[in-house]
Amino acid sequence: NAGVTQTPKFQVLKTGQSMTLQCAQDMNHEYMSWYRQDPGMGLRLIHYSVGAGITDQGEVPNGYNVSRSTTEDFPLRLLSAAPSQTSVYFCASSSRGNYGYTFGSGTRLTVV
Amino acid sequence: AQSVTQLGSHVSVSEGALVLLRCNYSSSVPPYLFWYVQYPNQGLQLLLKYTTGATLVKGINGFEAEFKKSETSFHLTKPSAHMSDAAEYFCAVTVGTGGFKTIFGAGTRLFVKA
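Protein chains in written order, with this note's numbering: chain A, 132 to 243; chain B, 18 to 131.
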């Protein structure tokens, strides 16, 4: 039972670099979301998907892209990293009608 | 748009004492409400949820929460705190079918004193 798997666990980027945070789930969940967690601000929704081929923006989408070509995978792309994107990123999934997320263990990203 | 307010960024209790973590929400339509717990360097874990039906909801680890529509509240309680309860707790709200696009509160860190 892998659940939601995020890679990498830690990453340091230089300003302007791009990278992709990986997220995979093996529970056949329709819904997947990306959040960022910053001290004192809780979790803020970046992008979400309600199924393969369908994505939409959350509260803080600027600087991030997503795609969902399969049910299992939901990668998050940072186009040109900025220090303001230093954060802990969580991927989460849920099944239709079964409210409540299953979270991955997170990716801690530092942009210098 | 919905929002969530958690009262108190830090709460400290003695072991064996009552735990009360406060959460108020705003929503123009009936919400679905959640409490999650996060232990250090881990992801969030669902503690309990309210969708429909009984307003007193029981979760894991002895926690429970009561949905009070008139007060727009969903406070989390546990009768007797244990050292292992020390963690950060997040209240969350979802509006609409499916449970996606969930909005989280800022979190409350619970400290348990021996």
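Every residue gets a Cβ at the ideal spot worked out from N, C-alpha and C, and that includes glycine.
| Check | Outcome |
| --- | --- |
| Members of the region 28-52 of chain B near chain A, C-beta cut-off 7 Å | TYR49, PHE51 |
| The beta strand (DSSP E) enclosing SER215(A), as first and last residue numbers | Here SER215(A) belongs to no beta strand (DSSP E), and DSSP marks it neither H nor E. |
| CA-to-CA distance, LEU64(B) to ALA18(B), given in whole angstroms | 24 Å |
| Where the beta strand (DSSP E) containing LYS118(B) begins and where it ends | Unbroken run through LYS118(B): none, as it is neither H nor E. |
| Chain-ordered chain A contacts of PHE121(B) [CB-CB under 7 Å] | GLY173, LEU174 |
| Contact with chain B by TYR179(A), beta-carbon distance below 8 Å | yes |
| Closer than 8 Å to chain A by CB, LEU61(B) | yes |
| Beta strand (DSSP E) runs contained entirely in the region 174-205 of chain A, provided each spans 3 or more residues | 174-182, 185-188, 195-197 |
| Beta-carbon contacts of THR111(B) that lie in its chain and below 6 Å, excluding the five residues immediately before and after | TYR49, THR119 |
| Residue-chain proximity (SER236(A), chain B), Cβ-Cβ < 8 Å | yes |
| Element boundaries [beta strand (DSSP E), containing GLN62(B)] | 61-67 |
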